[in-house]
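Novice: Just so it is clear: in the sequence shown, position 459 is 459 by UniProt numbering, and no numbers are missing. Note that the Cβ used here is the ideal one computed from N, Cα and C, for glycine as well.
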Amino acid sequence: MNSKNPIASTQFPKAYESMKKPKLNIPDLNTELLKDQELFYSYDTAVYPPPLSTTTCFVNETVNPDPCILRSSMYTVPNTSTGFDSLNIPLGIVLTPFASRANLFELNEKPIKCNQCSSFVSNFTRVEGSVFYCSLCKERNKLKYPIDTNSDIFKHPVIEYESQIPDQNTQNSLFVGDSFFNLNFIKTPVFLFVIDITQPALLEHTIKATVEVLSDPTFRCLYKKACVVLLSNKITLLKIEGEFVVTLDVVNSEIVPFIPPDVFFDTSLSTPFVDYLETIESINCTKIDSINFFNVILALTKYAIGSKVALFSSFYFPSPNLIANFVENSSSLSIFTTTNNKNTHNDVATYTMGGIFVYSPDQLYKIKADLHNICATKSVFGVKVSVKTSNAIRKNAIYANTLLDNLNQVDLPQMDANSTICFTFFVDEHVSTKEALHFQFVFEYYSYDGSYKTLVINTHLKTSDKPSEVYSSISFDTLFACLAKFISSDKKEAATHSKHVEDLICKFLSYYRKTCCREVSATQFVLPETAKLLPLLYQALIKNKSYSSTLNEIEMRRVTNLTVEQTLRYFYPRLFTLTDFYIQQDLTKIKSLNLSFKSLDSSEIYVLENSQKIFLYFGKDVDESLRDALFDDKEENAILMKIVNEICSNYGYELPIVVVEESRGSSSEVEFMGFMVEDTLNGVPSYHDYICELHFKVQKY
1 MNSKNPIAST QFPKAYESMK KPKLNIPDLN TELLKDQELF YSYDTAVYPP
51 PLSTTTCFVN ETVNPDPCIL RSSMYTVPNT STGFDSLNIP LGIVLTPFAS
101 RANLFELNEK PIKCNQCSSF VSNFTRVEGS VFYCSLCKER NKLKYPIDTN
151 SDIFKHPVIE YESQIPDQNT QNSLFVGDSF FNLNFIKTPV FLFVIDITQP
201 ALLEHTIKAT VEVLSDPTFR CLYKKACVVL LSNKITLLKI EGEFVVTLDV
251 VNSEIVPFIP PDVFFDTSLS TPFVDYLETI ESINCTKIDS INFFNVILAL
301 TKYAIGSKVA LFSSFYFPSP NLIANFVENS SSLSIFTTTN NKNTHNDVAT
351 YTMGGIFVYS PDQLYKIKAD LHNICATKSV FGVKVSVKTS NAIRKNAIYA
401 NTLLDNLNQV DLPQMDANST ICFTFFVDEH VSTKEALHFQ FVFEYYSYDG
451 SYKTLVINTH LKTSDKPSEV YSSISFDTLF ACLAKFISSD KKEAATHSKH
501 VEDLICKFLS YYRKTCCREV SATQFVLPET AKLLPLLYQA LIKNKSYSST
551 LNEIEMRRVT NLTVEQTLRY FYPRLFTLTD FYIQQDLTKI KSLNLSFKSL
601 DSSEIYVLEN SQKIFLYFGK DVDESLRDAL FDDKEENAIL MKIVNEICSN
651 YGYELPIVVV EESRGSSSEV EFMGFMVEDT LNGVPSYHDY ICELHFKVQK
701 Y
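1. What first and last residue would you give for the alpha helix (DSSP H) that runs through residue 614?
2. Compute the beta-carbon to beta-carbon distance between residue 95 and residue 420, rounded to the nearest angstrom, for a pair I have assumed lies under 8 Å.
3. On the CB-based measure, 16 or more other CB atoms within 10 Å of its CB, does residue 641 come out buried or exposed?
4. Taking one C-beta from the region 561-570 and one from the region 357-374 each time, how about it: are there three or more such pairs within less than 8 Å?
5. What separation, rounded to the nearest whole angstrom, lies between the Cα atoms of residue 552 and residue 521?
6. Leaving out five residues before and five after residue 102 in sequence, what residues of the same chain have Cβ atoms less than 6 Å from its Cβ?
7. Let me know the secondary structure DSSP gives residue 511 once reduced to three states.
8. Compare the C-alpha of residue 51 against each of 63, 33 and 206 and name the closest.
9. So what's residue 538 in DSSP terms, helix, strand or just coil?
10. Ignore the nearest five residues each way along the sequence and tell me which others in residue 36's own chain have a CB closer than 8 Å to its CB.
11. How big is the Cα-Cα spacing for residue 579 and residue 587?
12. Below 6 Å CB to CB, which residues in the same chain sit around residue 529 once its five sequence neighbours on both sides are set aside?
13. In its own chain, which residues sit with a C-beta less than 7 Å from the C-beta of residue 322, not counting the 5 before and 5 after it?
14. Which one or two residues does DSSP pair with residue 74 in a beta bridge?
15. How far does the beta strand (DSSP E) with residue 92 in it reach, from first residue to last?
16. Determine the DSSP secondary structure at residue 162, reduced to helix, strand or coil.
17. Could you have a look at residue 631 and say whether DSSP puts it in helix, strand or coil?
18. Where does residue 44 fall in DSSP's three states?
19. Can you list, in chain order, the residues of its chain whose CB lies under 7 Å from that of residue 672, leaving out five sequence neighbours each side?
20. Does the beta-carbon distance from residue 186 to residue 264 come in below 9 Å?
21. Considering only residues of the same chain and omitting the five flanking positions on each side of residue 392, which have a CB-CB separation below 7 Å?
22. With a cut-off of 8 Å on the beta carbons, I'd call residue 457 and residue 158 a contact; round off their distance for me.
23. Does DSSP classify residue 440 as helix, strand or coil?
24. For a minimum of 3 consecutive residues, which ranges assigned as the beta strand (DSSP E) are wholly contained in the region 372-450?
25. When the Cα atoms are used, what is the spatial distance from residue 466 to residue 78?
26. The beta strand (DSSP E) spanning residue 105 covers which residue range?
27. State the Cα-Cα distance for the pair residue 573 and residue 150, rounded to the nearest angstrom.
28. Just to confirm, is the Cβ distance from residue 239 to residue 368 under 9 Å?
29. Using a Cβ-Cβ distance under 9 Å, would residue 288 count as near chain B?
30. Which residue's Cα is closest to the Cα of residue 702: 39, 132, 44 and 87?
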């Protein structure tokens, strides 16, 4: 292989290159996805494993959570630590607790907890009159009153409780010792617009985007209060006095604790601010030190129970030591900047569940859509995540875009419908095959309306001493998502992690061969039916441009927060022709094309989506009139808009559309061709050759 790819495996023997390649019946991802979609019209969560993450069907949530909330890499776990270690893959659970497709059951009853481990009574709890036995620690609990087993507590695996707002922590003030300045005066989340007015082009698009957001009804519903901060050679805050907008200049951040909370305005009365913003002009001046304005931002975020900060700037961004301050204030930072800024790889944004948006001069128009996605997305703030498990299970690692000080509790500034957190576990002791493994995930947070809630997610997994039963329960898309998050968790260790993952896959397949397929010949390469597409997805990952010769930390951090479906599409996008959709009129009925140059025809129009962008690819022989009709108010345009709407509604956010024309040599064409991951790409052989290479490696174990 090409040694320039830091996360590709070592060079395969050169003798192999001259050998005649055998014809292999290699697994096809698109066939499997379509077969799974046709198999499931509805799904009852009492049955495991669930449909794949790309499958759309009716879900009846009974025993276990809706798979859009919780997915596991396996649904039957080896019942011994030796058996689990021999498997060589993680027991990973990916949670998307606030998924838009989920129906959270809200309960007004007071929760019942175990006296021993403090876990919540759930649908897995055994009850005998006034006694209940904890499903996790097995403790016998005696209550003063009989337990009503018909209560909704025992009917739903996912329950959202109304909770008491916790006491304010007034002992760790960032600026002053007086607890007065740490009180949350504003009892709902707020939004801060921090605008650099020294960059004319950036300012122009920022003002347009901000004005549109301030007029958006969804934004006004989600954020009752907002604040505007202007950056130049000083820090300027806007506030209303009477019917006019006045300015409050902050030159020295030492006066930060005394900024009045009335700089936050009612979003329902934002018209004066809109009028004022439209009059702002760029100025040419020396910029204020970033530490000064970040002190101001942090002071402002302390006024509310949670906040989102949108920073439009080409300033030098702060050091990562501010991450803890943002997390403590339940504040999420998103940075909008330009390509001439060399300091865009900033941990403060990624580790506060925010985002980094970098624009070239001709891409600044995208600010409007990116800002709208952030402002119009319902979030929860100050999230505290904990997990309790059966005694035989131990936590191994956590993958999320935040500071991870320990495995007992994870603090996240905010989460939305697409935010995920991934836990991996291992088996620590022997378990009876008749006994299930139980997991309880608890999320405590402030909702968008200021109420404090506790979300409890319960699930269980079977155990077995038979490897065949374990292999048949594997969910390859979730397993791959867990492995991708592991590789993405540390840029410095990405190459080492990637090589480790390939070794795990080889050992995993070797163990399958030894335990489930002992009679096959040495020349046969057998793959478990449930995980046969894992090699395809792994080689797609190491071919991805963000994981090849130049590791892209921004994209790697993005992958850490992707859902299982988004991860699958990110590394193996969906590709289909406009003609196929015109015939089927339904994306779920279309078999996507293999990601190979052989799939492309110069006379066709193709749509490719990777959960982040939608590419519209025009072959060079496509009729000019058809191309024009797609962007006019005609039938063809209606078809295109239907495709875009179906894709965006599936993910719950707007995706940018990128137009690609064949043989133009544009950067967008290079990006599009980089998705042809079944061909030789970025120093990694074709999918066919990679399978042959993998077979060679598996035989060594």
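Specialist: This is what the structure gives:
1. Per DSSP, residue 614 belongs to no alpha helix (DSSP H); it is in the beta strand (DSSP E), 614-618.
2. That pair is a contact at about 6 Å.
3. Classification of residue 641: exposed, given that the 10 Å Cβ count is below 16.
4. At 8 Å Cβ cutoff, the stretches do not touch.
5. Residue 552 and residue 521: Cα-Cα distance of roughly 42 Å.
6. In chain order, 66, 68 and 69 place their CB closer than 6 Å to the CB of residue 102, counting only its own chain and leaving out the 5 sequence neighbours on each side.
7. Residue 511 falls in the helix class under three-state DSSP.
8. Comparing C-alpha distances from residue 51 to each of 63, 33 and 206 shows the shortest one belongs to 33.
9. Three-state DSSP puts residue 538 in a helix.
10. Within the same chain, residue 36 has close Cβ partners 51, 52, 54 and 55.
11. Approximately 12 Å between the Cα atoms of the pair.
12. No residues qualify anywhere along the chain.
13. Hits under 7 Å: 294 and 348.
14. Residue 74 has 474 as its beta-bridge partners, per DSSP.
15. Per DSSP, residue 92 belongs to the beta strand (DSSP E) from 91-95.
16. Judged by DSSP in its simplified three-state form, residue 162 adopts strand.
17. In the structure shown, residue 631 sits in coil (DSSP, three-state: anything other than H, G, I, E or B).
18. The three-state secondary structure of residue 44, taken from DSSP, is strand.
19. Excluding five sequence positions before and after residue 672, the CB atoms of its chain that fall closer than 7 Å to its own CB belong to 608, 615, 617 and 660, given in chain order.
20. Yes, the Cβ-Cβ distance between residue 186 and residue 264 is below 9 Å.
21. 427, 428, 429, 431 and 437.
22. Contact holds; Cβ gap of about 5 Å.
23. Three-state result, residue 440: strand.
24. Within the region 372-450, the beta strand (DSSP E) runs of at least 3 residues that lie entirely inside it are, in chain order, 379-389, 393-399, 410-416, 421-427 and 437-446.
25. Between residue 466 and residue 78, the alpha-carbon positions lie close to 8 Å from each other.
26. Annotation for residue 105: the continuous beta strand (DSSP E) segment containing it runs 105-107.
27. Each residue's alpha carbon lies about 46 Å from the other.
28. For residue 239 and residue 368, no; Cβs fall outside 9 Å.
29. Protein chain content of the structure displayed is limited to a single chain, and chain B is not contained in it.
30. Outside the modelled stretch of the chain, which goes from 1 to 701, sits residue 702, for which no answer is possible.
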